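If you read the sequence shown in my numbering, its first letter stands for residue 895, the second for the next number, and so on.
For every residue, glycine included, the Cβ atom is placed at its ideal position computed from N, Cα and C.
No experiment lies behind these values; they were computed from the predicted model shown.
Note sheet for the following structure.
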Amino acid sequence: MSFRISADAIGSDNARRAAFLEDDYAALKRQVARRGIDLDTIADQVAAFGVALPSWGVGTGGTRFARFAGLGEPRGLDDKLEDCATIQQLTRATPTVSLHFPWDKPSDAAALKAQAADLGLGFDAVNSNTFQDQPGQPVSYKFGSLSHPDKAVRDLAVAHNIDCIRLGQTLGAPALTVWVGDGANFPGQQNFTAAFDRYLDSMAQIYAALPADWSVFIEHKLFEPAFYATVIADWGSSYLAATELGPQAKCLVDLGHHAPNTNIEMIVARLVRFGKLAGFHFNDSKYGDDDLDSGSINPFQLFLIFNELVDAAQRGAPGFAPAYMLDQSHNVTDPIESLMSSAMEVQRRYAQALLIDRAALTDAQTACDALGAHTLLKQAFNTDVSPLLAEVRRRAGGAIDPIAVYRASGYRAEKAKERPPRGGASAGIV
Ligand code: PSV
Ligand code: MN
C-alpha cells in the first residue's frame, strides 16, 4: 500500500485554523464590499479555475551542469500521478495533468485514463518530444526534427506527433502542444526560409491528423538548444505558422521563452484579439528560460497577464478558452511544494485580476488619467487575497495551508522508503 495523506490529517489541520480564517475572510469580504464586489461571487470564479500540472515537474529538475536528485522522487508514471494527486488533494487547484511523450508513454492508455480518474485527475494538452533521440531511433534529431533537411527525420517527427494525438484522444486530452528545439548555432548553418517551409509542411501533416474538436498548440521559444536562431523563436513566427495552418492551430505562451523585459501581457492581448491564444506554460525567469517558480520573480507581470485574461473573458472575446499549465524545473526545492505554491500563486493573480474595477478603469483610460488607471490596477494587486484562496480550498475539501499539511504528513519521507533511489542519469533540463 502506498502512503497517501489522510482526509483526517487535512480536517484536523483545517479545524485548528478555521476560526482565524473565518475572521480574515469576513474582513476581506467587508473590504471588497466597499468597492461594490461580492467576495462569494469571486470565490465561485476562483473555485472554477484550474491549472494543469506538468508530469515532468514532479521530479527534481537539473541544469546542463548537474542534477541533484531529491529523495523519494517518482520512478515512473504511477508515482508521478500519485504526486500530482497529492497536490490536487491539498490545493484543489490542479485537476489535470499534462503528459509528455514518450517520457510518459503508457502501455495501455485507456487503463491510464481510468487510473487517473480514480485519483481524481484528468488530462490537459499532451506534449510531443522531438528534441532528444530515443534509444534505437533510426535517424537523429541532432540537427532538428520537423524542419530537418532530411525527409526521413521529418517523417519520424511527424509520425511521433500523430502518435501523441492518438494517445491523447484515448486519454481524453483536448490538444497537442508542439515545441521544437529546431534551429541553428551558426550564421549560415540554416536557410531560414527553407527551414520554416519544411516546418510548416510537417505541421500541416500533423494538423491534418487532428480530431475535429482538438487543437494544436505551437510553443515558441527565443533560444536553447539552438543558440543563434530558432525556427519558432517568437510569437510572430508562432502566429504566422498558426494562421497558415488553420483555426485549430493556436499559440502557446511559455512565460520563460522571451527576452528579459518583453511585454508578455501585450503579446497575450494581441493573441486574444486575433483568436489565437492557446494558453500558457506558467513559470518565472530572471535571465532566460530559467524555469523558476511561477510568480517568484515577477508577480506583477503575472497579475498583468491575468488582467488581460479577465478583460477578455468579461467582454466575451470570441474563441477565448485558454489552457492553463505549469512548466517549471525544480532544482532546489521539493517539487511538490513548488508546484503547490506555484498553483496557488497563479490562482492568486487570477483572483486579484477579478477584483479590478473594470468600469472605473475604462473611465480612467478614456479620460487619459494615467495615474488613476494605474492606481486601480495597484489597488487590486495590493489586496491580500490569501483568506479568499484558503476559503476556496477549504470549501472544496482541500487544505487551508497545503504546505503545512504536506510537511506535517511526512509524505516525502514515506516516499523515500517506498521509492528507493535508482542509480544512473535521468532527465536533466526540463
Ligand atoms: C522547452 O523549454 C519547454 O518549455 C517545452 O514546453 C518542453 O516541452 C518543456 O519545456 C519540457 O522540456
Ligand atoms: Mn514550456
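Taking a 10 Å sphere around the C-beta of A1284, we find 16 or more other C-beta atoms and assign the residue as buried. Those residues that bring their Cβ nearer than 5 angstroms to a heavy atom of the ligand MN are D1148, H1175 and D1221. A heavy atom of the ligand PSV is found nearer than 7 angstroms to the CB of W950. For H1152, the CB stays at least 7 angstroms from every heavy atom of the ligand PSV. Take R1289, set aside five residues on each side of it, and the residues of its chain with a beta-carbon closer than 8 angstroms to its own are A937 and A941, in chain order. At least one heavy atom of the ligand PSV falls within 7 angstroms of the beta-carbon of W1073. Setting aside the 5 residues that flank it on each side, G1169 is surrounded in the same chain by P1212 and G1213, each with a C-beta closer than 7 angstroms to its C-beta; the list follows chain order.
If you check the C-beta of D1187 against the ligand PSV, you find no heavy atom less than 7 angstroms away. Residue nearest to A1069 within the set A912, A1135, S1096 and K1144 is K1144 (criterion: CA-CA distance). Pairing P1281 with R1243 gives a Cβ-Cβ distance that is not under 8 angstroms.
Under the 8 angstroms Cβ criterion, the region 1300-1319 counts as touching the region 962-969, having at least three qualifying pairs.
L1186 is positioned such that its CB atom lies no closer than 8 angstroms to that of P1216. Taking all protein chains in view, the Cβ of G1291 is surrounded by fewer than 16 other Cβ atoms within 10 Å, so the residue is classified as exposed. Listed in chain order, the beta strand (DSSP E) runs fully inside the region 1085-1138 are 1109-1113, counting runs of at least 3 residues. Looking at H1042, D1049 and L1104, the one whose alpha-carbon comes closest to that of I1059 is L1104. By the neighbour-count criterion, in which 16 or more other beta carbons inside 10 Å mark a residue as buried, A1089 falls on the buried side. The beta strand (DSSP E) runs of length 3 or more contained entirely in the region 1205-1270 are, from start to end of the chain, 1217-1220.
DSSP, read as helix, strand or coil, puts G1062 in helix.
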